[in-house]
Every structure is written in C-alpha cells, then in structure tokens.
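The block underneath contains the structure these notes are about, expressed in structure tokens.
Numbering (my numbering), first residue to last: 126 to 284.
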C-alpha cells in the first residue's frame with residue numbers, strides 16, 4: 126500500500142513539474158517580446174530625446190493585443206524618464222513646448238540619458254483537477270539610451 130501511495134505522489138509531482146515546464150516554455154517568447162518592445166521604444170527615445178504620446182499609445186496597444194500580455198493588460202506599464210528623473214513622454218507637437226522652461230519640457234539636450242522601462246505581469250497558471258492555481262510574476266526590462274537630437278530651444282552646456 127505504501128508503494129502505491131509513493132507512486133501516486135511521484136506521478137502527481139512529475140505531472141505538476143511538466144505543467145510548470147510547459148508554462149515556462151511560453152515565458153521565454155513572452156519575455157523576448159518585452160525586451161524587443163523596450164529596445165524599439167529606446168530607439169525612438171534616442172532619436173527625439175523623449176517619447177511622443179502617439180508612440181507611447183501605439184506601444185501600449187501592441188503589447189495589450191499580444192497573447193499572454195492581454196490576460197493582464199491592465200498591469201502593463203511603460204516608464205520613460207529623463208536624466209533628472211522626470212517623465213519623458215510628451216506631446217506630438219513640439220511647438221507646444223516653446224514657452225515652457227527647460228525643466229518643464231519632457232526632452233533634454235543631446236547627450237543626456239533617457240531610460241525606458243517596461244513592466245508587465247506573467248500569469249503562471251496550472252490547472253489541477255479542474256481548479257486553476259495562478260501566480261503572478263512581475264517582470265521588467267529597462268534600457269538606458271542617449272538622446273541624439275540637438276534642440277535649439279535648450280541651452281547646450283559643455284561639461
């Protein structure tokens with residue numbers, strides 16, 4: 126009787142491990158999507174020294190429509206910050222910033238770092254005997270890039 130119980134326990138544990146492994150097989154393409162999307166956003170941030178609102182919205186829509194991401198779409202965050210820690214997402218129309226001070230503008234001068242981070246939640250789930258067990262794994266990826274665009278409305282400081 127004890128041998129049957131051990132065999133049954135081992136069978137249950139092995140099947141749980143196989144299901145976890147299957148979930149992790151889906152994790153790597155999901156994470157690579159997160160990495161590629163962060164890289165694409167960092168390239169856009171490097172060209173303008175900030176992210177325009179339309180690019181930000183497009184990236185959120187793309188991620189929210191992807192498989193697995195759409196299960197926890199409300200937990201996707203795109204965080205773009207400039208070197209002073211301020212939010213580096215701004216209006217599509219650069220003329221909007223003409224009358225503002227340097228600190229109020231989302232962009233900085235060429236050579237300043239811009240950090241792009243995307244946070245999301247991976248739903249690790251297993252169904253055993255009709256009951257679903259789920260654990261949320263918060264994951265993020267961050268890239269710091271250097272702004273390439275020279276703005277004439279900002280002072281250029283030699284350091």
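Glycine included, every Cβ here is placed at the ideal spot set by N, Cα and C. The structure displayed is predicted, hence computed values, not measured ones.
Anticipated Cβ contact below 8 Å, residue i with residue j, distance rounded
| i | j | result |
| --- | --- | --- |
| residue 250 | residue 148 | 7 Å |
| residue 268 | residue 162 | About 11 Å separates the two Cβ atoms, so there is no contact after all. |
| residue 275 | residue 235 | 5 Å |
| residue 184 | residue 166 | 6 Å |
6 Å CB neighbourhood of residue i in its chain, flanking five on each side removed
| i | result |
| --- | --- |
| residue 131 | none |
| residue 204 | 242 |
| residue 262 | 247 and 249 |
Cβ-based burial, residue i [other Cβ within 10 Å; buried from 16]
| i | result |
| --- | --- |
| residue 228 | exposed |
| residue 150 | exposed |
| residue 146 | exposed |
| residue 283 | The predicted model places residue 283 with a pLDDT of 48, which falls under 50 and marks its position as unreliable; any figure quoted below should be read in that light. Exposed, since its Cβ has fewer than 16 Cβ neighbours within 10 Å. |
| residue 206 | buried |
| residue 255 | exposed |
| residue 128 | exposed |
| residue 190 | exposed |
| residue 159 | buried |
Beta carbon of residue i nearer than 8 Å to that of residue j
| i | j | result |
| --- | --- | --- |
| residue 208 | residue 230 | no |
| residue 247 | residue 152 | yes |
| residue 216 | residue 178 | yes |
Proximal residues to residue i (C-beta, below 8 Å), its chain only, five neighbours per side dropped
| i | result |
| --- | --- |
| residue 171 | 239, 270, 271, 272 and 273 |
Sequence-distant residues of the same chain with beta carbon closer than 7 Å to residue i, five excluded per side
| i | result |
| --- | --- |
| residue 164 | 268 |
| residue 200 | 245 and 246 |
| residue 169 | 176 and 180 |
Query raised in the report: Fully enclosed by the region 135-221, which alpha helix (DSSP H) runs are 4 residues long or longer?
Result: Fully enclosed alpha helix (DSSP H) runs of 4 or longer: 178-190.
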